[in-house]
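Residue numbers (our numbering), protein chains in the order written: chain E, 1 to 113; chain F, 1 to 118.
What follows is the structure, encoded as structure tokens:
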């Protein structure tokens, strides 16, 4: 069975600094998708970034980038120039095409001024 | 982006009553909908997968007679919590996926429903 592991329950960072959230996963499949979702206090799930496993190039979305290491089954999220609005719970997630997302336990990120 | 509307956003009910939660895809046809449950400060746990016109597939440990899922149309799925008890109090979130050929194969989330059972 596929699993997603986030080993950092809580992280904190100062405004304008950079923080990296870790995620590892386990699967025997070769084609799959990886995601980072943000869940602010409103609890709306917001897609931060998406990576297709067949793409070697790491995905980037403005201040958010990933380090995808397929062989190591690692998928970390780097947030640059952290902002107060980045304070939220972050979930790493995995799926194969057409299937439900499997989520990690989440990392609570606090950004302070 | 695509919009998924979930209603109600918050519901309080008495123990023993039933509660229905609706999940609508507003601008695309959702061939598959997923229902998740989330306890405070925890992850989203998949409860069931529903495909339009067929019976839902429940995850292990989820009582299908307690959590009734109906996906009768391509734009609406409902989750009914029957004979609710305090332990059913939780945040319920739906997500919807369209058919790949429509360009809506990505997953879109509703805004969630907080159920409190007294």
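Just so you know, even glycine gets a beta-carbon here, dropped at the ideal spot from N, CA and C.
message: Tell me which residues share the same chain as residue 76 of chain F and place their Cβ nearer than 6 Å to its Cβ, disregarding the 5 neighbours each side in the sequence.
response: 24
- request: For residue 43 of chain F, return the contacting residues in chain E, with the cut-off set at a CB-CB distance below 7 Å.
  value: 91, 103, 104, 105 and 106
task: Taking all protein chains shown into account, decide if residue 101 of chain E is buried (16 or more other Cβ within 10 angstroms of its Cβ) or exposed.
output: Buried, by the Cβ-count rule.
Beta-bridge pairing of residue 49 of chain F - partner residues as DSSP gives them: Paired residues: F/34 and F/57.
field: Continuous beta strand (DSSP E) assignments of at least 3 residues falling wholly in the stretch 63-106 of chain E
entry: 64-69, 74-79 and 88-95
- prompt: residue 48 of chain E and residue 82 of chain E look like a contact to me (Cβ under 8 Å); what is the Cβ gap, rounded to whole Å?
  reply: With 8 Å as the limit, residue 48 of chain E and residue 82 of chain E do not qualify as a contact, their Cβ atoms being about 13 Å apart.
message: My output table needs one value for residue 29 of chain E: the three-state DSSP class, helix, strand or coil.
response: It is coil, neither helix nor strand.
- prompt: Taking DSSP as the reference, what is the three-state secondary structure of residue 10 of chain E?
  reply: Residue 10 of chain E falls in the strand class under three-state DSSP.
query: Beta-carbon separation of residue 118 of chain F and residue 15 of chain F under 8 Å?
result: yes
- request: Below 8 Å on the Cβ atoms is my guess for residue 50 of chain E versus residue 35 of chain E; work out the distance and round it to an integer in Å.
  value: At roughly 5 Å, the Cβ-Cβ gap stays under 8 Å, so residue 50 of chain E and residue 35 of chain E are in contact.
message: Assuming contact is defined by CB atoms lying nearer than 8 Å, are residue 8 of chain F and residue 82 of chain F in contact in what I supplied?
response: no
Segment contact, 8 Å Cβ cut-off, at least three pairs: the stretch 66-76 of chain F with the stretch 5-13 of chain E: Verdict: no, contact absent.
Inter-residue CB distance, residue 111 of chain F and residue 6 of chain F (contact presumed, cutoff 8 Å): 5 Å
task: Please work out which residues of its chain come closer than 7 Å, Cβ to Cβ, to residue 24 of chain E, disregarding the five sequence neighbours upstream and downstream, and give them in chain order.
output: 5, 73 and 74
- prompt: Comparing the C-beta of residue 83 of chain F with each C-beta of chain E, is any distance below 8 Å?
  reply: no
- request: Count the other CB atoms, across all protein chains shown, that sit within 10 Å of the CB of residue 65 of chain F; report buried if there are 16 or more and exposed otherwise.
  value: So residue 65 of chain F ends up on the exposed side.
- prompt: Using a beta-carbon distance cut-off of less than 7 Å, what residues from the stretch 43-58 of chain F approach chain E?
  reply: 43, 44, 46 and 49
message: Taking 8 Å as the threshold (beta carbon to beta carbon), is residue 44 of chain E in contact with chain F?
response: yes
message: Distance cutoff 8 Å, beta carbons only. Does residue 93 of chain F sit that close to anything in chain E?
response: yes
message: Looking at chain E, is there any beta carbon in it that lies within less than 8 Å of the beta carbon of residue 112 of chain F?
response: Yes, residue 112 of chain F counts as interfacial toward chain E.
- prompt: Near residue 53 of chain F, what residues of its chain come up, given a Cβ to Cβ distance below 8 Å and the 5 sequence neighbours on each side ignored?
  reply: Cβ within range, chain order: 71 and 72.
- prompt: Buried or exposed: which applies to residue 37 of chain E, given that a residue is buried once 16 or more other Cβ atoms fall within 10 Å of its Cβ?
  reply: buried
- request: Work out the CA separation of residue 28 of chain E and residue 104 of chain E for me, nearest whole Å.
  value: 17 Å
field: Same chain only: Cβ atoms within 6 Å of residue 44 of chain F, ignoring 5 sequence neighbours per side
entry: 36 and 38
- prompt: Closest Cβ-Cβ distance between residue 159 of chain F and chain E: below 8 Å?
  reply: Nothing about residue 159 of chain F can be reported from this structure: the residues present for chain F run from 1 to 118 only.
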